[in-house]
Amino acid sequence: MSEVLIVAVFVAIVIGWAGWKRGMESGVRFAIHGPSMAPTLLGEHQIAKCLACALDWPIEISDEGASVSCFHCGAQAIVTNGSHKPSVVVVHAYEPVDTARSTPSPLRIGDVVAIGGEDMMRIKRIVALPGDLVEVNDTSLLVNGETVHRAMRVHDDLDVPAPVLMFEMDNRRDLSRWRGKGWQRNQQRVWTPENQDWLIYHHRSIHQRNQPSCIWDDYPYNAGLSRKLQPASRLALNAKVVCKDEGRLEVVFWIDDQMVGVTCDVDGQCELNISSDDAEAVEVAPVSAETPVAIRVIEGSVQFSCLQLARQIEYRLRPHDDRSRYPIRLGSSEYFVLGDNVPVSLDSRDFGVIQERAVKGRVELIESQ
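Residue numbers (numbering that gives the first Met the number 0): 0 to 368.
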């Protein structure tokens, strides 16, 4: 009788595993838990609102009565009662490749994956593949000598792209932080230049009572977290442009104590998206740590509206991370994974590399609250 019972239990386990695996192959819905992948993927969270800026944004659930400042203007925000539902993703099963047949791994730098077991899965982003070298330069993580974001840019079709963190929205301000001789801003907050002078952004930090400052690597989601901030090294400009006929613009950034710029052509009505990642060194421009972005019109008649600035995610070590572990050369079946919420994520900086067998599936976002 006991042998029959053992066989029955074994068959039930096999059938259960096969059913779970088939479900994984077709995709299993998974609700995000915790803050590690914010702001890309959110666990249960609250919403903060700034009446002055007419903005709302997600924050990690904190104790009632905790004070939250608006990331845009520094005013005290209102935190809504109750929690909001987490992001929901689909996890598609991943089968490790047969290395004996020298089949290249289908996983890519930038892919978001589920790791762990069926009862406890973590969601992380792959930043280094088998054979890669992970190093540290100052606080930046490098993969084969490149920053993580440059290694990720090879793939522009990621199911879950890395996010950008907006910190400046000119159309939300009565008094603009952009200034320029020969530039006019009307009541609709549309900018028009009278000449080729620069329109310069003057940054002020909410962490320093709105005093002039560099741009910090702030995460508005981490409302209750106190930590040492680092200067941001990746910036992006977005704007709506109206140009009569054809025009030419120059956008310059102050990045890592250097001036870098992009020149682009515009025609008619278009949306401008410029990243400091695409910029090249320039010799002269009115930018600095406290005035980190400047725009000028080189040719044509151009108007700008909805000027927005964002910082792009930077994958770094934190002050408490063990630098002595680096460099790390990944083995033939090892991966290095990180969370997009770089300051708080529990990932390969903590528990080390993961084995390929720990990767349960690729992640696809289907619902984000």
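Note that beta-carbon positions come from the ideal geometry of N, C-alpha and C, so glycine has one too.
| query | result |
| --- | --- |
| Simplified DSSP state of H148, which is helix, strand or coil | helix |
| Presumed contact (8 Å Cβ cut-off) between A235 and I214, rounded CB distance | With 8 Å as the limit, A235 and I214 do not qualify as a contact, their Cβ atoms being about 11 Å apart. |
| Option in T79, R295, A37, A309 with minimal Cα separation from V240 | R295 |
| Pick from L345, T262, D156 that is closest to H32, judged by C-alpha positions | L345 |
| Cβ separation of H44 and I58, assumed to be a contact under 8 Å, to the nearest whole Å | 6 Å |
| Burial state of Q229 (16 or more Cβ within 10 Å) | buried |
| Other residues of its chain near I77: CB distance less than 6 Å, five sequence neighbours each side excluded | K48 |
| Continuous alpha helix (DSSP H) stretch holding S275: start and end | Per DSSP, S275 belongs to no alpha helix (DSSP H) and is neither H nor E. |
| The region 255 to 266 contacting the region 162 to 172, beta-carbon criterion three pairs below 8 Å | no |
| Same chain, Cβ closer than 7 Å to R233, neighbours up to 5 away in sequence not counted | H148, S275, D276, R310, Q311, E313 |
| Alpha-carbon spacing of M119 relative to A30, whole angstroms | 12 Å |
| Reduced DSSP secondary structure (H/G/I, E/B, other) of D216 | coil |
| DSSP-derived helix/strand/coil call for S347 | helix |
| Same chain only: Cβ atoms within 7 Å of D255, ignoring 5 sequence neighbours per side | S232 |
| Backbone CA spacing between C263 and L248 [nearest angstrom] | 5 Å |
| Whether R107 touches V153 by CB criterion (9 Å) | yes |
| Cβ-Cβ distance between K84 and L337 below 9 Å | no |
| Residues that DSSP places opposite A280 in a beta bridge | V259 |
| The region 183 to 193 / the region 279 to 287 touching (three or more Cβ pairs under 8 Å) | no |
| Per DSSP, the bridge partner or partners of L329 | Beta-bridge pairing links L329 to no other residue. |
| Other residues of its chain near S101: CB distance less than 6 Å, five sequence neighbours each side excluded | Only weak support is given to the placement of S101: the predicted model assigns it a pLDDT of 44, under 50, and the question is left unresolved by the model. |
| Proximity of V88 and E298 at Cβ, strictly below 9 Å | no |
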